[in-house]
Amino acid sequence: MTLSLYDYAILTDEECDALIGKAKAQLGDRCVILGHHYQRNEVFKHADFSGDSLKLSKDAAQSTAEYIVFCGVHFMAEVADILSRPEQIAILPDLAAGCSMADMANLMKVQQSWNELAQVLDVENEVTPVTYINSAADLKAFCGEHGGIVCTSSNAQKILEWSFARREKVLFFPDQHLGRNTAYRMGIGLDEMVVWDFTKPMGGLTVEQIKNAKMILWDGFCSVHQMFKPEHIDNYLAQYPETKVIVHPECCFEVCQKADYVGSTEFILKTVRAAEAGTRWQVGTELNLVNRLSEECTDKTVQFMSPMLCMCSTMFRTDPQHLAWILDNLVAGHVVNQISVPEKDARLAKEALNAMLTVV
Ligand code: 13P
Ligand code: SF4
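Residue numbers (the working numbering): 86 to 445.
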């Protein structure tokens, strides 16, 4: 019989800490724990590998462990399942750990939009569908089926170059900001980009707007990163003009334009860690990452960008109680919270993910 989560919910973090350590020792190489940079400390410290979405996808693909426990969000565990061998098992400690941005696009809406675009364009020859890795597996499968590809925050430019080398337009979902910020950096003007409002027929656009656009940006966003505002940068720079500003590309255009550096979570960590002692940094990404970076880089000043607490509440769902619960079940021979992508979606999604992995 599987162990009940209720018995773990009443344990303290310290009690869970001890259980996690014991279970990890018992499982040994049979289990690997992957931890995204936004995980809270109590969970993050148990990760065997940490990274951004691209690095963790590669870690999952290369892992030989029987169990891949993903301390992250749902789409990440799906990617681990798709890229690992069939006999490996991907596990998400809390099944409610989703990504609100990923949920802003779904297959029905994307398929409907594709059909609408097909009324005015030769979509299969003119449009490359590109999905941010923050999306459900069936959207990655959609891209695989239509000659498209997956991107992450660290390879978006290379993926757009790959896409434009094949077809003249890109339909980019679900994050309009990553799409816009990356395309603009490549020299594509804002006047060559349109936002596809998925609640309106034809995305709320005219035929002329669609025909003239190079980038068709899905109207999705990350609510955590939309809390960083250009005035947060202005106010801080007024006080400390020597500050270097570094942000995640899910931030809005105006914030990215004001930043000195824009990149993935792994890029942010590497850049600040490598900076000279005594430098001052203002960082626009999730709070757990920034707090940990600030504690680690005692020779620098690392300041969180917003006066509000910008935490990813779904990343936060993974707590030591869930982690202890799933690991103890594995020790007892029970798999709980397995993430298993249906075979057809997995095959097509793998095509789009492998296309990405051959580019970067
Ligand atoms: P990274 O791939 O940069 O870690 O980003 C993932 C994410 O969800 C950012 O909000
Ligand atoms: Fe999704 Fe935003 Fe959380 Fe990243 S920070 S997992 S994009 S909701």
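Backbone N, C-alpha and C fix where the C-beta goes; we use that ideal spot for every residue, glycine too.
DSSP bridge partner residues for I411 (one or two, in chain order): I411 pairs with nothing; no bridge assigned.
Under the criterion of a Cβ to heavy atom distance below 7 Å, does V158 qualify as lining ligand 2? yes
Could you check whether the stretch 280-299 touches the stretch 230-246, counting it as contact only if at least three pairs of C-beta atoms, one from each stretch, sit closer than 8 Å? no
Heavy atom of ligand 1 within 7 Å of C307 beta-carbon: yes
Give, in chain order, every unbroken run of the beta strand (DSSP E) that is at least 3 residues long and sits entirely within the stretch 348-374. 365-369
First and last residue of the uninterrupted beta strand (DSSP E) at Y152: Y152 to C156
Would you list the one or two residues that DSSP bridges to Q388? Q367
Please report the residue range of the beta strand (DSSP E) in which T383 lies. That residue, T383, is in no beta strand (DSSP E); it is neither H nor E in DSSP.
Sorry if obvious, but does the Cβ on T350 come closer than 7 Å to a heavy atom of ligand 1? yes
Would you identify the three-state DSSP class for Y464, choosing helix, strand or coil? Residue 464 lies beyond the stretch modelled for the chain, which goes from 86 to 445, so this question has no answer here.
Option in M441, Q423 and T443 with minimal Cα separation from P171: Q423
The alpha helix (DSSP H) with C228 in it runs from where to where? A222 to E230
How about H131 and I105: are their beta carbons less than 8 Å apart? yes
Beta-carbon proximity of A146 to L119, cut-off 8 Å: no
Taking 7 Å as the cut-off, is the CB of T399 close to at least one heavy atom of ligand 2? yes
Start and end residues, alpha helix (DSSP H) containing L112: D98 to L112
Starting from S135, follow the beta strand (DSSP E) in both directions and report where the run begins and ends. F134 to G136
Per-residue DSSP class, three states only, for G305: strand
Can the beta-carbon of C184 be found closer than 8 Å to that of V212? no
For ligand 1, is there a heavy atom less than 7 Å away from the beta-carbon of S138? yes
Are the stretch 339-349 and the stretch 314-323 touching by the rule of at least three beta carbon pairs closer than 8 Å? yes
Limits of the beta strand (DSSP E) - the one that H121 falls within: C116 to H121
Is the CB-CB distance between M278 and R270 below 8 Å? no
Leaving out five residues before and five after G136 in sequence, what residues of the same chain have Cβ atoms less than 6 Å from its Cβ? E351
Quick check: the Cα distance between C307 and Q204, rounded to an integer number of angstroms? 30 Å
Opening and closing residue of the alpha helix (DSSP H) in which K254 lies: Element bounds for K254: not the alpha helix (DSSP H) but the beta strand (DSSP E), K254 to F258.
Is I234 helix, strand or coil when you go by DSSP? strand
Is C116 near ligand 1 - that is, is its Cβ less than 7 Å away from at least one heavy atom of it? no
In chain order, what residues of the same chain have a beta carbon less than 8 Å from the beta carbon of V444, not counting five sequence neighbours either side? I234, N240, K243, I244 and W247
Rounded straight-line distance, which links the Cα of V309 to that of E371: 7 Å
Buried or exposed: V420, going by 16 or more other Cβ atoms within 10 Å of its Cβ? exposed
Given a threshold of 16 other Cβ atoms within 10 Å of its Cβ, counted over all protein chains shown, does A182 qualify as buried or as exposed? buried
When you compare only the Cα positions, how much space is there between Q111 and A150? 14 Å
Does the beta-carbon distance from L433 to E230 come in below 8 Å? yes
Selected residue, minimal CA-CA separation from D92, among Q406, G418, E428 and L412: Q406
Between the alpha carbons of A268 and A323, how many angstroms are there, rounded? 30 Å
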